[in-house]
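**Student:**
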Ligand code: GDP
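In the numbering used here, the protein residues as written are 1 to 400.
(1) Ordered along the chain, which non-local residues of its own chain (more than five positions away) have a Cβ less than 8 Å from that of residue 157?
(2) Could you pull out every residue in the same chain whose Cβ sits closer than 7 Å to the Cβ of residue 359, ignoring the five residues on either side in sequence?
(3) What did DSSP end up calling residue 418 once you bin it into helix, strand or coil?
(4) Kindly indicate the opening and closing residues of the alpha helix (DSSP H) around residue 163.
(5) Give the C-beta separation of residue 105 and residue 220 to the nearest angstrom, bearing in mind that I take them to be a contact with Cβ-Cβ under 8 Å.
(6) What residue does the beta strand (DSSP E) around residue 260 start on, and which one ends it?
(7) Buried or exposed: where does residue 389 fall if 16 or more other Cβ atoms within 10 Å of its Cβ makes it buried?
(8) Closest to residue 266 by C-alpha separation, out of 319, 304, 332 and 278, would be which residue?
(9) Residue 361: which of 339, 148, 107 and 201 sits nearest, CA to CA?
(10) With DSSP as the reference, please indicate the residues paired to residue 374 in a beta bridge.
(11) Short check: CB of residue 307 to CB of residue 268, under 7 Å?
(12) Determine the direct distance from the alpha carbon of residue 218 to that of residue 226, and round the result to whole angstroms.
(13) Among 237, 313, 171 and 168, which residue has its Cα nearest to the Cα of residue 198?
(14) Please report how far the alpha carbon of residue 196 lies from the alpha carbon of residue 348, in whole angstroms.
(15) What's the gap between the Cα of residue 278 and the Cα of residue 375?
(16) Ignoring anything shorter than 4 residues or poking outside the segment 308 to 345, list the alpha helix (DSSP H) runs there in chain order.
(17) Would the beta-carbon of residue 356 be found less than 6 Å away from any heavy atom of ligand 1?
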């Protein structure tokens, strides 16, 4: 009898444990095992360039269709189309709203701080002399602040020491350096402008391949969706098949719509369709991806100029042309910034991958030599890893 009771109890325990594990497993698979803000899209597989596919817009792809939809919307009093977009945004079809938790800049700038910190510690321990300025120069150059900016900042410090404006002591010198670095960005605002007229606002993202354009668009889409905006993504990088796929994943995750052309399609036509699509559905914002490289002989800058002209056309309101730069490339970013600024009139910079580099000093060069404001910085690969650039926070994070 005792044996029967023991067996029965053991059986019951196994049954209860088994059910518990089943529930836990189901929960994990629904959430991907991680909180929403930590989940990332699967890394895109580089698809080979094949023959052009049929247009794969998740919504109407051609301009004619979109214009017809706009007409139909106007005729129907806009209600149905707006409802359709809202339903999409509400998460039907597997979309989950993102939870964005802002990363701490200081935590992500460890590499840059360690580089600078070594020099600063050396300076703190002794009297200010020529060697102090040499060391500061070396530190700023290694951080990729660039020769022109470094020289300007240090000349200013030397003059202040000479005139007695600042005390000839290490702490006073470093405090003045911090203030000078911060002042480089004075008057800038990280806010991205919205159009004030009728029609969707358009933000165009430009930059060479691999800098993080598509990822940044995904992050911005999540941020703007979080703020309650209706967002349309335009897959204007028709050269790189993986870019379209990547953007599709981001659109699904953030609850944005996607307009995508056939591979190799004219990028301007994709932007045109996306704007028409957004206007027809009373969306607030079009985030337009562009190619960073082309497979034809067409000059990339020529192509981008054309894309810009299309993006400016009503009903679109182009308010931002954002140059995405990879911080790990340091001074190379400055060269790119010059080229893109001359070609398409950049309004601001998004500096990505600041988490993995000591070369973040390039923001100083970009701001002081080109006058371009830094709007956003990328601090990692997940959706929340994009923050507005705050000069005081940036400089404080560098100085430890
Ligand atoms: P695109 O060719 O300019 O569209 O670049 P992608 O968006 O495809 O990004 C290229 C790679 O950079 C991807 O592996 C991204 O995950 C990565 N990436 C983008 N932004 C960041 C960032 O802020 N930090 C880090 N560590 N990686 C990033």
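Glycine is no exception: its CB is placed at the ideal position from the N, C-alpha and C atoms.
**Tutor:** This is what the structure gives:
(1) 133, 136, 166, 173, 176, 177 and 180
(2) Answer for residue 359: 143, 144, 327, 328 and 330, listed in chain order.
(3) Shown here, the chain extends from 1 to 400; a query on residue 418 therefore has no answer.
(4) 147 to 163
(5) Between residue 105 and residue 220 the beta-carbon gap is near 18 Å, outside 8 Å, which marks them as no contact.
(6) 257 to 260
(7) A residue is called buried when at least 16 other Cβ atoms come within 10 angstroms of its Cβ; residue 389 meets this threshold and is buried.
(8) 304
(9) 148
(10) 349
(11) yes
(12) 12 Å
(13) Closest option to residue 198, judged by alpha-carbon separation, among 237, 313, 171 and 168: 313.
(14) Cα to Cα, the separation comes out at about 19 Å.
(15) 24 Å
(16) 332 to 344
(17) yes
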